[in-house]
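Novice: Residue numbers (my numbering): -15 to 238. Each residue gets a CB set at the ideal place from its N, CA and C atoms; glycine is no exception. Quick caveat: nothing in here was measured; it's all calculated off a predicted structure.
1. Extract the residue ranges of the alpha helix (DSSP H) inside the region 100 to 163, only unbroken runs of 4 or more that lie entirely within it.
2. Tell whether a beta-carbon distance below 8 Å holds between residue 181 and residue 213.
3. If I follow the unbroken alpha helix (DSSP H) through residue 208, where does it start and stop?
4. In whole angstroms, what separates the C-alpha of residue 225 from that of residue 79?
5. By Cβ distance, which residues of its chain are closer than 6 Å to residue 70, with the 5 residues on each side in sequence left out?
6. Please check the pair residue 191 and residue 105, which I expect to be a contact at CB under 8 Å, by giving their CB distance rounded to whole angstroms.
7. For the region 156 to 173 and the region 120 to 133, state whether three or more C-beta atom pairs, one from each stretch, are separated by less than 8 Å.
8. Less than 8 Å between the beta carbons of residue 98 and residue 126, yes or no?
9. So, is residue 96 buried or exposed, given that buried needs 16 or more other C-beta atoms within 10 angstroms?
10. If you run the structure through DSSP and keep just helix, strand and coil, what is residue 93?
11. In or out: residue 94 buried (at least 16 other Cβ within 10 Å) or exposed?
12. Give every residue of the same chain whose Cβ lies closer than 6 Å to the Cβ of residue 142, excluding the five residues on either side of it in the sequence, and list them in chain order.
13. List the whole-angstrom C-beta distance separating residue 200 from residue 162, where the pair is believed to meet the contact cut-off of C-beta under 8 Å.
14. Apply the 10 Å Cβ neighbour rule to residue 54 and answer buried if 16 or more other Cβ atoms are within range, or exposed otherwise.
15. Hey, how far is the Cα of residue 100 from the Cα of residue 159?
16. Using a threshold of 8 Å, state whether the C-beta atoms of residue 112 and residue 89 are closer than that.
17. Among the candidates 136, 178, 206, whose CA atom is the shortest distance from the CA of residue 72?
18. For residue 164, which option in 145, 208, 86 has the closest C-alpha, if you only look at C-alpha atoms?
19. With a CB to CB cut of under 8 Å and the five nearest residues on each side skipped, what residues in its chain are close to residue 9?
20. Can you find the residues in the same chain that come closer than 6 Å, C-beta to C-beta, to residue 91, ignoring five residues on each side of it along the sequence?
21. Taking C-alpha atoms, which residue in 176, 145, 195, 233 lies nearest to residue 215?
22. Between which two residues does the alpha helix (DSSP H) carrying residue 225 extend?
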């Protein structure tokens, strides 16, 4: 007559060995921690979203009146103060200007949704390698959100709001609208706000008549308008322009 073997105290009755139990517990509590972190992050995002600035600011120029100084013969002597040129539509902007800006500032502008993870990771890698803030990972949409709606404050809250506003812009405007709004609002140095004002300030011509080199120079100003302004440092401006030209070539525009 056969009989069943007696089970020892260490025999596995559940399908899991005793040595696997700690791993199971670790996985369980890790999942719980992730769920709580996700919930906390969601609550924080909602809290920051409730404190977003008024998006009507997108349509306000916010520029101070320009002071023009004339001689007795009515000849223009100088201009002082902020200069904002006539707002330009996307259709009015020369293609080589758009290409220069995208190549140097946001190469995947027409394919991302406001945030470019690849660009962000690339910028982080470059900054870690060089040990300084050599590159930024913000897209043109994020820069527009920051320039129009937010203060220069560097904080986690401002960065989250910048992302939320970038997603809002992408949801409400076409890519063409976004880049036109950006170029109409961004600072180019020497008191010039907007690309039309910049074209007149640096080259004394309307933006539609900019050459490829002039467009590349304006695109190069976006990183640091004061440092690369041709009126301040022509050599630095020329070097920066060549960097933009190289970026345009790498992007397939040349």
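Specialist: Looking at the coordinates:
1. 101 to 114, 124 to 133, 140 to 156
2. no
3. Where residue 208 is concerned, there is no enclosing alpha helix (DSSP H), given that its DSSP letter is neither H nor E.
4. 17 Å
5. Cβ within range, chain order: 180.
6. Going by Cβ atoms, the distance from residue 191 to residue 105 rounds to 34 Å, so no, they are not a contact pair.
7. yes
8. yes
9. buried
10. coil
11. exposed
12. 134
13. About 21 Å separates the two Cβ atoms, so there is no contact after all.
14. With a pLDDT of 37 at residue 54, under the threshold of 50, the modelled position of that residue is not reliable, and no figure is offered here.
15. If I take the Cα positions, the gap works out to 14 Å.
16. no
17. 178
18. 86
19. none
20. 235
21. 176
22. Residue 225 -> alpha helix (DSSP H) spans 218 to 234.
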